[in-house]
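Chemist:
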Amino acid sequence: MKVRIGNNIIGENEPVYVIAEIGLNHNGDVELAKQLIDVAAESGAQAVKFQKRTPDIATPEHMKLTPRDTPWGTMSYLEYRYRVEFERAEYTQIGDYATMRGLDWFASPWDEPSVDFLEDMNVVAYKIASASITDMGLLARIAATGKPVILSTGMSTFEEVEAAVDMLGTNGLVILHATSTYPLPPEEANLRMIPTLQQRYPGVPVGYSGHETGLQISLAAVALGATVVERHITLDRAMWGSDHAASLEPHGLENLVRDIRIIEQAMGDGVKRVFPGELAPQAKLRRVLA
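According to my numbering, the sequence shown is numbered sequentially starting from 1.
(1) Let me make sure I understand the geometry here. Which of PRO60, TRP72, TYR91, PRO71 has the alpha-carbon closest to that of LEU78?
(2) DSSP beta-bridge partners for PRO67?
(3) Quick one: Cα of ALA293 to Cα of LEU215, how far?
(4) Is DSSP giving HIS211 helix, strand or coil here?
(5) Going by DSSP, which residues form a beta bridge with VAL48?
(6) Just the C-alpha distance for TRP110 and VAL3, rounded to the nearest angstrom, thanks.
(7) Would LYS52 and LEU118 qualify as a contact pair, given that the criterion is a beta-carbon distance under 7 Å?
(8) So, using beta-carbon positions, are TYR82 and PRO113 closer together than 7 Å?
(9) According to the Cβ coordinates, are ILE233 and LEU253 closer than 7 Å?
(10) Helix or strand or just coil, what does DSSP make of GLN132?
(11) Classify LYS127 as buried or exposed, calling it buried when 16 or more other Cβ atoms lie within 10 Å of its own Cβ.
(12) Pick helix, strand or coil for LEU173, following the three-state DSSP scheme.
(13) Exposed or buried, which one is ASN122 when buried takes at least 16 other CB atoms within 10 Å?
(14) Return the bridge partner residues of ILE5 from the DSSP annotation.
(15) For the beta strand (DSSP E) that contains ARG231, what are its first and last residues?
(16) What are the partner residues of VAL204, as DSSP defines its beta bridges?
(17) Just the C-alpha distance for ALA226 and ASP243, rounded to the nearest angstrom, thanks.
(18) Please state if the CB of GLY137 and the CB of MET1 are separated by a distance shorter than 7 Å.
(19) Check TYR126 in the structure and name its three-state DSSP category.
(20) Tell me where the beta strand (DSSP E) around SER152 begins and ends.
(21) Let me know if GLY95 comes out buried or exposed under the rule of 16 or more other beta-carbons within 10 Å of its beta-carbon.
(22) To the nearest angstrom, how far is the alpha carbon of GLU31 from that of VAL271?
(23) Suppose you measure from the CA of PRO71 to the CA of GLU85; what does that come to, to the nearest Å?
(24) Thinking GLY154 and THR179 are a contact (beta carbons under 8 Å), I'd like their distance in whole angstroms, please.
(25) Considering only DSSP beta bridges, list what LEU248 is partnered with.
(26) Looking only at C-alpha atoms, which of ALA45, ILE194, VAL206 sits nearest to LEU173?
(27) Let's test the definition: count the other Cβ atoms within 10 Å of the Cβ of PHE106 and tell me whether it reaches 16, buried, or not, exposed.
(28) Where PRO148 and ARG286 are concerned, what is the direct C-alpha to C-alpha distance, given to the nearest angstrom?
(29) In chain order, what residues of the same chain lie with their CB nearer than 6 Å to the CB of VAL161, ignoring the 5 residues before and after it?
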């Protein structure tokens with residue numbers, strides 16, 4: 001089973017689909033978002049992803065009035081959410097720009113009206129954030145669009161994953177192993193969940209959404225068979241905002257994509273053979289012929 005998103009095919013023996021997660025790292029600035037789109041395109045990623053909220057719905061009640069220190073002064077958490085949220089004019093600009101740069105673009109909707117918003121923007125797919133995996137109303141609304149769905153499984157039990165997959169169905173589904181610790185320590189990566197998910201959902205493409213600070217864990221995920229790799233990106237990990245510290249800077253994303261493509265070439269097909277480059281050493285070094 002393979003899944004088409006935009007002009008890309010996701011599945012076994014296909015190029016790893018690299019998603020550059022911009023999320024809220026644009027800090028509410030369209031020009032910064034465009035710079036991050038440039039980073040993704042120039043690195044060789046295939047997609048950029050954002051987040052879409054209706055802040056009054058998506059913000060937990062107990063968080064709405066919590067003070068938040070921001071570059072624009074101290075404000076409530078709800079006010080901050082409105083301050084960094086893109087609406088139609090901004091999404092039109094960044095969506096058109098991503099398309100012009102040859103990238104798929106989509107977002108994680110955090111509430112049902114945001115699904116309707118993204119449908120109007122004609123996104124090519126939906127991403128379900130780990131935090132939303134138990135929101136059955138949201139999942140039902142996304143499933144009703146009939147578009148491909150990428151499901152992150154961080155902060156979740158296997159029973160919660162099962163319930164989400166039952167709601168979404170497996171047609172057009174991609175499942176991402178994830179651990180929602182920011183930044184992710186290696187001992188919590190649990191990469192053996194990738195083959196576990198592959199065995200539990202045969203034929204469904206399985207990938208990895210990473211929040212670590214380096215590249216090694218994401219590259220190991222590819223070696224274990226991840227068909228998708230999603231990583232947050234930023235211009236500078238020292239920038240203000242909750243996700244920047246666990247994000248890749250431009251050179252990091254470029255190196256990640258480069259190394260993923262090398263691993264793809266190196267995996268081979270598992271059939272033992274004598275390669276052309278071995279013939280000369282064989283003739284020189286082997287004393288006893290078969």
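For glycine and all other residues, C-beta sits at the position ideal for the given N, C-alpha and C.
Modeler: Quick answer:
(1) PRO60
(2) SER76
(3) An answer regarding residue 293 cannot be provided, because it is not within the stretch 1 to 290 covered by the chain.
(4) coil
(5) ALA20, TRP105
(6) 23 Å
(7) yes
(8) no
(9) yes
(10) Residue 132 is actually Ser in this sequence, not Gln. If DSSP states are grouped into helix, strand and coil, SER132 belongs with the helices.
(11) buried
(12) strand
(13) exposed
(14) ASN8
(15) 228-232
(16) BP columns for VAL204 are empty, so no partner.
(17) 23 Å
(18) no
(19) strand
(20) 149-152
(21) buried
(22) 49 Å
(23) 15 Å
(24) 5 Å
(25) ILE233
(26) VAL206
(27) buried
(28) 53 Å
(29) THR153
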